[in-house]
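Each remark here refers to the structure printed beneath this line.
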Amino acid sequence: MTNTKQSHAAETTESVPMQTAATEVENEQEQGEDATSSLQGDLDRFRDLALRSQADFDNYKKRAAREKEEAIKYANSSLLERLIAIIDNFELGLSAARAESESSPIFSGMSMVLKQLTEFLADNGLQPIDAEGQKFDPNLHEAIAREASTGVPEGTVIRQTRRGYRLRDRLLRPSSVVVSSGHAQR
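According to my numbering, the sequence shown is numbered sequentially starting from 1195.
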């Protein structure tokens, strides 16, 4: 019996370390899998962060280029606003000279200079707004008065007292206008 007990004891002694070793290997595998999945999660998060950062940077570059283009496109607006006031005075002077003598060589020369100047400004994106006879538009016109008129429907511009201008698609200065209030009341 002692031999049988000894062999059984030997088997038991050997199986305990084997079970312990197997359990340790399983635990290490589980820990390795947990670490791998944790690292994979971190990797996925950082990839997503990198992609978002790249997209944000691309959007920033596009926005900066668009803003730079806009700044260049409208860089002359303050200069043109000041030039418009000079054109207004030039036109007033020409209308006063027209009353004196339209056939004068000075009047003809000044008219040609004004024409050249307005063509140059038009080539650079400045567009006059002709408001007379148009429906009043608060986006383009500045009403300075309302006037009764039998021949002009209500809300229509009767007179333009100061011409408005656009620089490309932006309003540079609204037209000052007198708007019809419809038929005169008795």
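In this text, a Cβ means the ideal position worked out from N, Cα and C, and glycines have one as well. Computed from a predicted structure; not experimentally measured.
Annotation: the continuous beta strand (DSSP E) that includes Glu1336 extends over His1335 to Glu1341. For the segment 1264 to 1342, the full-length beta strand (DSSP E) segments reaching 3 residues or more read 1320 to 1323 and 1335 to 1341 along the chain. Under the three-state reduction of DSSP output, Gly1358 falls in the strand class. Under DSSP, Arg1367 takes part in a beta bridge, and its partners are Tyr1359. If you draw a straight line from the Cα of Arg1367 to the Cα of His1335, it comes to about 9 angstroms. Secondary structure at Thr1344: coil, using DSSP grouped into helix, strand and coil. Excluding residues up to 5 positions away in sequence, Arg1360 lie with their Cβ nearer than 6 angstroms to the Cβ of Gln1321 in the same chain.
Residue burial annotation: Arg1357 is buried, with at least 16 other C-beta atoms found within 10 angstroms of its C-beta.
Collapsing the DSSP output to three states places Ser1231 in a helix. Distance between Ser1297 and Ser1305, taken at the CA atoms: about 11 angstroms.
In this structure, the straight-line span from the alpha carbon of Ser1369 to that of Ile1266 is close to 25 angstroms.
Glu1264 and Lys1309 have their C-alpha atoms some 28 angstroms from each other. The three-state secondary structure of Ser1374, taken from DSSP, is strand.
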